[in-house]
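Peer 1: Protein chains in written order, with our numbering: chain F, 195 to 474; chain D, 193 to 380. Each residue gets a CB set at the ideal place from its N, CA and C atoms; glycine is no exception. Treat the numbers as computed from the prediction; the structure is a model and nothing was measured.
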Amino acid sequence: MREIQTRRISDTVRELCLDSNRMLGDDILIRIRECLDQETSPTGQEVLSQILENARIAAEEQMPLCQDTGVAVVFLDVGQDVHVTGGDLYEAVQAGVARGYQDGYFRKSMVRDPLRRENTGDNTPAFIHTEIVPGDRIKITLLPKGGGSENMSEARILSPSEGPEGIKAFVLGRVRRSGANPCPPIIVGVGIGGTLELCALIAKRSLLRRIGQRHPDPCYAALETELLESVNRLGIGPQGFGGRCTALEVFVEVRPCHIASLPVAVNIQCHAARRGEAVI
Amino acid sequence: MKIDRKSIQTPLTDASVRMLRTGNHVLISGVLYTARDAAHRRMTDSLLRGEGLPVPLRGQILFYAGPAPAPPGRASGAIGPTTAGRMDAFTIPLLAEGLKGMIGKGPRSEAVRGAIRDHGAVYFAAVGGIAALLARCVLTSRIAAYPDLGPEAVHRIEVVDLPVIVANDCYGADLYEEGVAANRPAFP
Ligand code: SF4
């Protein structure tokens with residue numbers, strides 16, 4: 195049994211909140227630059243240049259990339275040989291999120307109750323998804339998720355007979371109807387299979403992959419490439435002002451499923467695709 | 193391609209609004225008021241009760257934004273547009289009160305687009321997700337109404353050269369429809 199102090203977990207979560215909200219991944223910056231080279235709409239080019247300039251300013255001035263620093267979605271992969279000491283694991287994560295959002299002067303975007311809607315004041319609760327994995331480490335992954343892009347996401351149970359064509363039509367329809375709202379260029383996470391809740395979860399988790407990282411199964415890798423090309427033919431363009439670059443990437447994740455169903459979820463992520471990861 | 197930019201000053205006049213065309217890149221300077229969903233609901237509720245607005249909106253621009261707290265030594269925290277469509281249900285009574293401009297992101301409903309034209313107003317889109325860049329344009333910021341709403345309170349902010357694009361001009365044109373139609377290949 196390896197012991198890990200909750201204090202260390204909390205400090206790590208705090209740092210992930212601060213860093214991920216201020217710095218875009220290099221893979222995302224590289225892809226946005228490629229899109230700028232390919233974009234033919236002058237307004238689209240202007241938008242992409244502003245996005246790159248913003249990333250530079252945010253890193254330099256230690257400011258959040260976007261004022262919507264989102265709901266903190268936390269994935270905990272906990273090694274089965276880890277013994278957490280010094281308190282409650284989930285409380286440590288929540289405390290880390292509260293401190294990170296306070297110390298970073300980030301906006302607090304969480305309400306305590308979906309109907310009463312009173313702000314909790316410290317951006318908690320974070321939503322924590324835990325998996326028990328082999329080993330003696332804890333991997334903490336943070337995905338601050340903005341409202342604009344989350345609002346354009348959707349899960350649906352298709353009939354198995356609808357097959358790949360049904361999936362493509364659902365994904366493209368979802369992106370078309372989202373238009374400008376999720377701040378394109380977007381990343382499209384697609385979860386296929388599982389159950390209603392599982393397809394939504396794997397769609398979200400797919401957003402953590404690095405740009406260009408294709409699905410290991412060639413069949414789904416081809417689906418990702420095809421979907422990306424189709425999305426970029428919609429003409430939505432940067433910020434929905436029209437252009438070639440609507441999506442930076444499409445990721446597909448799959449799971450086994452019931453003989454009667456074909457669950458599909460689309461989780462849309464904006465260009466401010468923030469993520470952070472640490473292993474303790 | 194070089195982008196042409198027009199500079200405008202708030203409050204807006206009929207003449208300054210008529211100068212603006214959908215697709216124009218504009219730099220706004222002057223006073224703006226921020227308001228999101230909750231503040232909109234309160235303002236339109238006040239109007240329904242026959243009460244006045246907490247801030248005078250005649251000729252003014254509402255920025256659909258909830259700024260982050262300002263770090264020490266800075267005028268404003270991160271600031272940027274939120275989805276304008278959520279404000280559609282509240283917008284027409286505010287236009288009737290003399291509101292001249294709005295800044296947000298994403299398209300407006302057909303009814304709001306019609307009202308923008310009829311009232312000689314303008315809707316600007318700011319780029320979403322560039323809050324560090326936009327925060328640099330803010331010179332001063334203070335709460336002007338509804339302090340209990342926290343980030344959703346109405347802030348009075350003074351900006352210089354805030355970059356936006358005209359999405360709906362007073363002539364009825366729409367940047368989202370036209371831009372996407374112009375960029376969709378003939379055979380998708
Ligand atoms: S969709 Fe993303 S980039 Fe746009 S405002 Fe929301 S968090 Fe920011």
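1. Here's a check: name, in chain order, each residue in its chain whose Cβ is nearer than 7 Å to the Cβ of Leu249 (chain D), leaving out the five neighbours to either side.
2. Who are the near neighbours of Phe282 (chain D) in its chain, counting only those whose CB is closer than 6 Å to its CB and skipping five residues on each side?
3. Could you name the residues of the region 219 to 230 of chain D whose beta carbon sits closer than 9 Å to any beta carbon of chain F, in the order they occur along the chain?
4. Looking at the structure shown, is Asp353 (chain D) part of a helix, part of a strand, or coil, going by DSSP?
5. Under DSSP, the alpha helix (DSSP H) around Cys229 (chain F) begins and ends at which residues?
6. May I ask you to report which of helix, strand or coil DSSP gives Asn216 (chain D)?
7. Indicate, with yes or no, if the ligand SF4 has a heavy atom lying under 8 Å from the CB of Gly269 (chain D).
8. Would you kindly work out how many angstroms separate the C-alpha atoms of Pro299 (chain D) and Val473 (chain F), rounded to a whole number?
9. What residues from chain A crowd round Thr274 (chain D), counting only those whose CB sits closer than 9 Å?
10. Give the straight-line distance between the Cα atoms of Leu309 (chain F) and Ala454 (chain F), rounded to the nearest whole angstrom.
11. State yes or no: is the beta carbon of Gly320 (chain D) nearer than 9 Å to at least one beta carbon in chain F?
12. Any chance you could list the alpha helix (DSSP H) runs of at least 4 consecutive residues sitting entirely within the region 357 to 390 of chain F, in chain order?
13. Helix, strand or coil for His465 (chain F) per DSSP?
14. Quick one, what's near the ligand SF4 if you take every residue whose CB is closer than 5 Å to any heavy atom, in chain order?
15. Mapping the DSSP letters down to three states, classify Gln296 (chain F) as helix, strand or coil.
16. Taking Gln239 (chain F) as part of the alpha helix (DSSP H), name the residues at either end of that continuous run.
17. Assign Leu204 (chain D) to one of three DSSP states: helix, strand, or coil.
18. Closest Cβ-Cβ distance between His465 (chain F) and chain D: below 9 Å?
19. Under the rule that 16 or more other beta-carbon atoms within 10 Å means buried, what is Tyr363 (chain D), buried or exposed?
20. Starting from Thr332 (chain D), trace the beta strand (DSSP E) both ways and give me its first and last residue.
21. List, in order along the chain, the chain F residues whose C-beta lies closer than 9 Å to that of Gly269 (chain D)?
22. My assumption, with CB atoms under 8 Å, is that Ile361 (chain F) sits in contact with Val272 (chain F). Please give the rounded CB distance.
23. Excluding the five sequence neighbours on either side, which residues of its own chain have a C-beta within less than 6 Å of the C-beta of Thr314 (chain F), listed in chain order?
24. With a threshold of 9 Å between beta carbons, is Thr419 (chain F) in contact with chain D?
25. Suppose contacts are defined by Cβ-Cβ distances below 9 Å. Is Pro246 (chain D) in contact with Val223 (chain D) by that definition?
26. If you run the structure through DSSP and keep just helix, strand and coil, what is Val319 (chain D)?
27. What is the DSSP secondary structure of Ser268 (chain D), counted as helix, strand or coil?
28. Tell me which residue opens and which closes the alpha helix (DSSP H) that Cys476 (chain F) is part of.
29. Report the neighbours of Asn356 (chain D) on chain F: residues whose CB is nearer than 7 Å to its CB, in chain order.
30. What did DSSP end up calling Phe379 (chain D) once you bin it into helix, strand or coil?
31. Could you work out which residue in D:Gly296, D:Ile253, D:Asn375 is closest to Asn375 (chain F) when comparing CA atoms only?
32. Tell me which residue opens and which closes the beta strand (DSSP E) that Phe321 (chain F) is part of.
33. Please report the straight-line C-alpha distance between Ile224 (chain F) and Asp206 (chain D), rounded to a whole angstrom.
34. For His465 (chain F), count neighbouring C-beta atoms within 10 Å of its own C-beta (all shown protein chains included) and say buried if the count is 16 or more, exposed if not.
35. Which of the three DSSP states, helix, strand or coil, is assigned to Lys302 (chain F)?
36. What is the DSSP secondary structure of Leu254 (chain D), reduced to helix, strand or coil?
Peer 2: According to the structure data:
1. Leu286, Glu289, Gly290, Leu291
2. His232, Thr236
3. Ala230
4. strand
5. 220 to 232
6. coil
7. no
8. 42 Å
9. The structure shown contains no chain A; its protein chains are F and D.
10. 35 Å
11. yes
12. 357 to 372
13. coil
14. F:Cys260, F:Asp262, F:Gly340, F:Gly342, F:Ser343, F:Cys377, F:Cys464, F:Ala466, D:Gly320, D:Gly321
15. helix
16. 236 to 255
17. coil
18. yes
19. exposed
20. 330 to 337
21. Met257, Pro258, Gln261, Tyr299, Phe300, Arg301
22. No, Ile361 (chain F) and Val272 (chain F) are not in contact; Cβ-Cβ is about 32 Å, not under 8 Å.
23. Met304, Arg306
24. no
25. no
26. coil
27. coil
28. Within the shown structure, residues of chain F are numbered from 195 to 474, placing residue 476 (chain F) beyond reach of any answer.
29. The sequence given here has Val at residue 356 (chain D), not Asn. Ordered by position in chain F, no residue passes the 7 Å Cβ test against Val356 (chain D), which lies about 11 Å from the chain.
30. Low per-residue confidence applies at Phe379 (chain D): pLDDT is 46, beneath 50, and the placement is therefore not dependable enough to give any value.
31. D:Gly296
32. 321 to 327
33. 44 Å
34. buried
35. coil
36. strand
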